[in-house]
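**Student:** To convert, take the position in the sequence shown, counting from 1, and add 62; that gives the working numbering. For each residue, glycine too, the CB sits at the ideal point set by N, CA and C. For reference, the structure I am asking about is given below.
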Amino acid sequence: MTIFRSDMAALSWPRDLADWQAALAGYGVKRISSREIAAACPLCGGKDRLHIRQERGRVIGGCRQCTDGRGAEGQRRWTEICRVLFPARDRDRASDWPEPARDGAGARGRQASGAGRVSEHRPGPERRSSAIYGADGTAEIAAHGDTDRTKYRREEIGNRVAGRIWEAGRTAGPVLAYLAGRGAWPPDRPLPHSVRWLDRDACRQFDLRGFPDDAAGAVIYAFGNPASGALAAVQLDALSEDGRLPARRWRQTRGAPKGAAFPALAPDADPGEALHVAEGPVDALAIATWRGRQAWAGGGTAGLLPLAPVLAKRDRPIVIEADGDGPGWRDAMALQDAMIARNRTAHLESWPGCDPAEGLAADWEERAAILEYDGGMARAEAERRAWEAMRPPCARYGSGLRSPAAAMNRAVP
Numbered sequence: 063m064t065i066f067r068s069d070m071a072a073l074s075w076p077r078d079l080a081d082w083q084a085a086l087a088g089y090g091v092k093r094i095s096s097r098e099i100a101a102a103c104p105l106c107g108g109k110d111r112l113h114i115r116q117e118r119g120r121v122i123g124g125c126r127q128c129t130d131g132r133g134a135e136g137q138r139r140w141t142e143i144c145r146v147l148f149p150a151r152d153r154d155r156a157s158d159w160p161e162p163a164r165d166g167a168g169a170r171g172r173q174a175s176g177a178g179r180v181s182e183h184r185p186g187p188e189r190r191s192s193a194i195y196g197a198d199g200t201a202e203i204a205a206h207g208d209t210d211r212t213k214y215r216r217e218e219i220g221n222r223v224a225g226r227i228w229e230a231g232r233t234a235g236p237v238l239a240y241l242a243g244r245g246a247w248p249p250d251r252p253l254p255h256s257v258r259w260l261d262r263d264a265c266r267q268f269d270l271r272g273f274p275d276d277a278a279g280a281v282i283y284a285f286g287n288p289a290s291g292a293l294a295a296v297q298l299d300a301l302s303e304d305g306r307l308p309a310r311r312w313r314q315t316r317g318a319p320k321g322a323a324f325p326a327l328a329p330d331a332d333p334g335e336a337l338h339v340a341e342g343p344v345d346a347l348a349i350a351t352w353r354g355r356q357a358w359a360g361g362g363t364a365g366l367l368p369l370a371p372v373l374a375k376r377d378r379p380i381v382i383e384a385d386g387d388g389p390g391w392r393d394a395m396a397l398q399d400a401m402i403a404r405n406r407t408a409h410l411e412s413w414p415g416c417d418p419a420e421g422l423a424a425d426w427e428e429r430a431a432i433l434e435y436d437g438g439m440a441r442a443e444a445e446r447r448a449w450e451a452m453r454p455p456c457a458r459y460g461s462g463l464r465s466p467a468a469a470m471n472r473a474v475p
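Here's what the structure looks like:
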């Protein structure tokens, strides 16, 4: 796509539609809708889409059909596009639109019609993401060339969107029923710190496309930067009101998930024990629940290999819990090879025909059944013995709860 630039104003980065309306108001642009931001280009007859964004204080537009010119020609085309796509309230004079800035500083406003003076547009303070959601990244972006700036700017925007989604979530909803049904978390314990619930109304505010009609909301899994601990991305899975997957499964990711990990830390995990790495957040939670070990999840098969550089720096044993399907097994072996290439060893465990969450729950059921029927134990005692056999002696959930599986069976039939 051909990109041309315009030194129209040094505005702060617009975060949403309201910011665009406030920024363009200084140029006499009427209120616009979300569809007009990426609407079909009016100059090329709708053959391609006109994309408008702001990068490093410059308004950028791009269209393959009608933006071949650069410099003054590109400025002229940009002005013409703006006049057609965003009609101004006062279009009596062509000077209503700012001329190209010659000193590189950009025009600070538009000339008022018939007044001969400039009405200054005062941009608001630049909005920076909170430290818990990652750094602003301005210095890091400036340290890279033009080729990488778009990539880092996109990651910065993703971090901000992920942070707003995470702030909108709450620690309630059908998430516990879903995790209990998967055998991943006891329903009588509070949600893990890295899991939240986003209501359906909140999902609509973030324009999550394709959200199922029969879903009550989405569970949010937080993926953090293993080096800094800052939030890097969120993964959303739609759920029904009773904590089950809808008829059409829906999943989306916001942020920069590459190299990020979903942390699942058992309440009594020993930091010196092995660190388990799984494919999905539910698998990591199941490992933390059943084995009392700290676990990471890569957000899918494609997220395992990017964790190799961070895992190689960890001064503790690494256990890779591989799914039984073909892609999961291949990516787990690729992660193990990457660890070996960095002079680190990693133990690989496979779950044939299932994932770790399903396999651990089935293992508990099988152990409890053997103790009940062959050992002559009561069901509750068999469950407790099977639970203790799967977890280390030092790992317990505290008084009042003999095993998470017993609570899961009571909550989810």
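DSSP beta-bridge partners for ARG258?
**Tutor:** Counting from 1 along the sequence shown, the entry for residue 258 is found at position 196. DSSP output for ARG258 lists ILE282 as bridge partner(s).
**Student:** Suppose you measure from the CA of LEU253 to the CA of ILE349; what does that come to, to the nearest Å?
**Tutor:** Against the sequence shown, residue 253 aligns to sequence position 191. Against the sequence shown, residue 349 aligns to sequence position 287. Rounded to the nearest angstrom, the two C-alpha atoms are 15 Å apart.
**Student:** Taking a contact to mean a Cβ-Cβ separation below 8 Å, would you say PHE273 touches TRP312 in this structure?
**Tutor:** As a first step, residue 273 must be located in the sequence shown, where it is residue number 211. As a first step, residue 312 must be located in the sequence shown, where it is residue number 250. Yes; because the gap between Cβ atoms is below 8 Å, this pair is in contact.
**Student:** I want to know whether the segment 358 to 376 touches the segment 393 to 408 - three or more CB-CB distances under 8 Å.
**Tutor:** Enough Cβ pairs lie closer than 8 Å, so yes.
**Student:** Could you check the C-alpha separation between TRP228 and THR315 for me, to the nearest Å?
**Tutor:** Within the sequence shown, the letter at position 166 stands for residue 228. Within the sequence shown, the letter at position 253 stands for residue 315. Looking at the two C-alpha atoms, the distance is approximately 12 Å.
**Student:** Nearest-angstrom Cα distance between SER302 and GLY360?
**Tutor:** As a working mapping, residue 302 is identified with position 240 in the sequence shown. As a working mapping, residue 360 is identified with position 298 in the sequence shown. Each residue's alpha carbon lies about 25 Å from the other.
**Student:** Taking its Cβ as the centre, do 16 or more other Cβ atoms sit within 10 Å of THR363, making it buried, or is it exposed?
**Tutor:** The residue labelled residue 363 in the question sits at position 301 within the sequence shown. Under this definition THR363 is a buried residue.
**Student:** Are three or more beta carbon pairs between the segment 380 to 389 and the segment 401 to 413 nearer than 8 Å?
**Tutor:** Contact between the segment 380 to 389 and the segment 401 to 413 is present, because at least three Cβ pairs lie under 8 Å.
**Student:** Are the Cβ atoms of ALA318 and ASN221 separated by less than 8 Å?
**Tutor:** Residue mapping note: residue 318 aligns to position 256 of the sequence shown, counting from 1. Residue mapping note: residue 221 aligns to position 159 of the sequence shown, counting from 1. Yes, they are a contact pair.
**Student:** Helix or strand or just coil, what does DSSP make of ARG429?
**Tutor:** Numbered from its first residue, the sequence shown carries residue 429 at position 367. ARG429: helix per DSSP, three-state reduction.
**Student:** For GLY321, which residues of its own chain have a beta-carbon under 6 Å away from its beta-carbon, when the five flanking residues on both sides are left out?
**Tutor:** Working through the sequence shown from its first residue, we reach residue 321 at position 259. Excluding sequence neighbours, GLY321 sits near PRO368.
**Student:** Express the C-alpha separation of ALA442 and ALA430 in angstroms, rounding to a whole number.
**Tutor:** Here residue 430 refers to the residue found at position 368 of the sequence shown. Here residue 442 refers to the residue found at position 380 of the sequence shown. ALA430 and ALA442: Cα-Cα distance of roughly 9 Å.
**Student:** Using 10 angstroms around the beta-carbon of TYR283, count the other beta-carbons present and answer buried if the total reaches 16, otherwise exposed.
**Tutor:** Looking up residue 283 in the sequence shown gives position 221. The residue in question, TYR283, is buried, as its Cβ has 16 or more Cβ neighbours within 10 Å.
**Student:** Tell me which residue opens and which closes the beta strand (DSSP E) that GLN314 is part of.
**Tutor:** Within the sequence shown, residue 314 is the residue found at index 252, counting from 1. 313 to 317 is the extent of the beta strand (DSSP E) around GLN314.
**Student:** To the nearest angstrom, how far is the alpha carbon of GLU341 from that of GLY390?
**Tutor:** As a first step, residue 341 must be located in the sequence shown, where it is residue number 279. As a first step, residue 390 must be located in the sequence shown, where it is residue number 328. Cα to Cα, GLU341 sits roughly 7 Å from GLY390.
**Student:** Going by DSSP, what residues sit across from LEU367 in a beta bridge?
**Tutor:** Indexing the sequence shown from 1 puts residue 367 at position 305. According to DSSP, LEU367 bridges with nothing at all.
**Student:** Just tell me which of THR407, ALA394, ASP299, ALA292 has its CA closest to the CA of VAL339.
**Tutor:** Residue numbering aside, residue 339 sits at position 277 when the sequence shown is read from its first letter. When only C-alpha atoms are compared, the closest one is ALA394.
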